[in-house]
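Enquirer: Sending over a structure as structure tokens; questions will come in a sec.
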Amino acid sequence: MRKRLFSAALCLLALLLSFSSCSGVSLHTSRTYAMGTYCSVTAELPRGEDGDLSPRLFPLLNKTEALLSHKIDGSVPDLLNGLGYAVIPTGDRSMLEEQLRLAEEIKEKTGGLFSVSVLPITSLWNFDAESPVPPSPEAIAAALAEMEGSALRFEDDVVHKTGGDIDLGAIGKGYACTVLASALPADQSALISVGGSIAAVGLKSSGERWQVGVRDPFSASPSATLGTLSLTDTFVSTSGSYEKCFTYEGKTYHHILDPRTGLPCESDLVSVTVVAGKGTLTDILSTACFLVGSDAAFSLAAEYDACLIAVKTDGTLLVSASLADIFTPDDGWEPIYR
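Listed below in structure tokens is the structure:
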């Protein structure tokens with residue numbers, strides 16, 4: 000068996016960052032490992048000033064993980080899975096409820112292809128194991144039976160669960176980016192990365208936007224890109240079938256699972272990058288758009304004023320027309336704007 004798991008330390012889960020600085024200022028990057036991935040904050044500050052934002056921002060990653068991870072006792076999904084309901088903490092109520100409602104809404108729009116009630120199947124596929132193997136058909140069938148009739152219901156500050164247990168993996172990184180971006184000092188520009196989700200906040204002192212390279216999903220090199228986005232005050236998330244996968248008995252299995260079958264999704268896409276004004280929206284849509292495939296992905300994104308860069312399995316590069324002014328393709332890539 001050959002295992003192929005790309006390191007988040009090298010590829011930032013499909014997004015590569017490139018920076019520039021002008022005289023009188025310097026870039027300071029703080030890094031950490033949290034929420035099961037590599038995270039960084041890069042800020043442009045006057046030379047000689049203390050640019051370490053980590054004491055201000057990185058504790059928020061641990062707080063967000065404690066709120067959203069089903070593996071942590073007392074988190075919202077832990078309570079939902081154990082009790083069937085959870086009281087959303089006061090300080091997080093508005094934002095978290097909005098994102099959970101959004102997840103349920105997109106579940107409806109995708110006919111159940113996107114769902115957060117997927118822990119019964121995600122827990123079967125242990126992509127982080129040293130030697131992962133596909134679960135048995137019997138185990139998958141039992142997991143799918145648990146997920147029948149899954150739904151979230153909201154009542155004041157309480158969320159109720161029926162059906163499958165909750166896994167907020169498709170929400171957490173974008174949620175964390177939003178939290179960190181909101182906690183930056185006033186007028187502080189920065190580029191924040193939490194795994195495959197990025198927040199570009201403000202402009203550089205030169206007036207330039209932040210440059211974010213989009214990874215070439217077909218290249219074995221984590222530094223290979225297909226183009227560059229020029230961004231300010233926006234969020235980006237990428238989902239790709241190459242991010243977490245393994246090969247068993249000659250067949251490759253990736254981590255984006257179809258809740259209807261319990262198996263890796265058979266999509267005509269290998270990578271989807273979403274650009275939008277809300278972090279969790281980009282995180283959810285990158286997964287949802289991958290699941291629905293190229294024909295439906297752009298119309299789904301347009302419903303939420305989001306833009307896409309989607310790469311098909313045949314190498315076709317599809318890009319939202321509204322990104323034409325801020326996306327520069329690399330040599331050899333010819334985007335079809337939609």
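Going by numbering that gives the first Met the number 0, 98 is the number at position 99 of the sequence shown; the sequence numbering is gapless. Backbone N, C-alpha and C fix where the C-beta goes; we use that ideal spot for every residue, glycine too.
1. Are A287 and F113 closer than 7 Å when you measure CB to CB?
2. Quick check: L60 and M34, are their CB atoms within less than 7 Å of each other?
3. Please report the distance separating the alpha-carbon of S103 from that of T233.
4. Based on DSSP bridge pairs, tell me the residues matched to T237.
5. Run through the DSSP bridge pairs and tell me what G168 is partnered with.
6. Taking buried to mean at least 16 other C-beta atoms within 10 Å of its own C-beta, is L82 buried or exposed?
7. Could you spell out where the alpha helix (DSSP H) holding E96 opens and where it closes?
8. When DSSP labels each residue in this structure, what does C21 get in the three-state scheme?
9. In whole angstroms, what separates the C-alpha of A185 from that of I191?
10. Comparing alpha-carbon positions, which option in S130, F217 and V86 lies nearest K160?
11. Evaluate P136 with the Cβ neighbour count: other Cβ atoms within 10 Å of its Cβ, from every protein chain shown; 16 or more gives buried, anything less gives exposed.
12. Hey, V318 and I308: beta-carbon distance below 7 Å or not?
13. Can you tell me whether DSSP reads T231 as helix, strand or coil?
14. Along the chain, where does the beta strand (DSSP E) containing S196 start, and where does it finish?
15. Can you give the Cα-Cα distance for S39 and D294, rounded to whole angstroms?
16. Between the C-alpha atoms of Q187 and T272, what's the straight-line distance to the nearest angstrom?
17. Using the three-state DSSP reduction, which class does T315 fall into: helix, strand or coil?
18. Where do the ends of the alpha helix (DSSP H) carrying D288 lie?
Expert: Looking at the coordinates:
1. yes
2. Contact: yes.
3. The sequence shown places Glu at residue 103, not Ser. Their Cα atoms are separated by approximately 23 Å.
4. BP columns for T237 point to T272.
5. Beta-bridge pairing links G168 to no other residue.
6. exposed
7. R92 to K108
8. The predicted model places C21 with a pLDDT of 49, which falls under 50 and marks its position as unreliable, so this point remains unresolved.
9. Straight-line measurement puts the Cα of I191 at about 15 Å from the Cα of A185.
10. When each option's Cα is compared against that of K160, the closest is V86.
11. exposed
12. For V318 and I308, yes; Cβs fall inside 7 Å.
13. DSSP places T231 outside both helix and strand once states are collapsed to three, so it counts as coil.
14. S196 to V200 is the span of the beta strand (DSSP E), which, as asked, contains S196.
15. Between S39 and D294, the alpha-carbon positions lie close to 34 Å from each other.
16. 25 Å
17. coil
18. According to the sequence as given, residue 288 is Cys; it is not Asp. G278 to V291 is the span of the alpha helix (DSSP H), which, as asked, contains C288.
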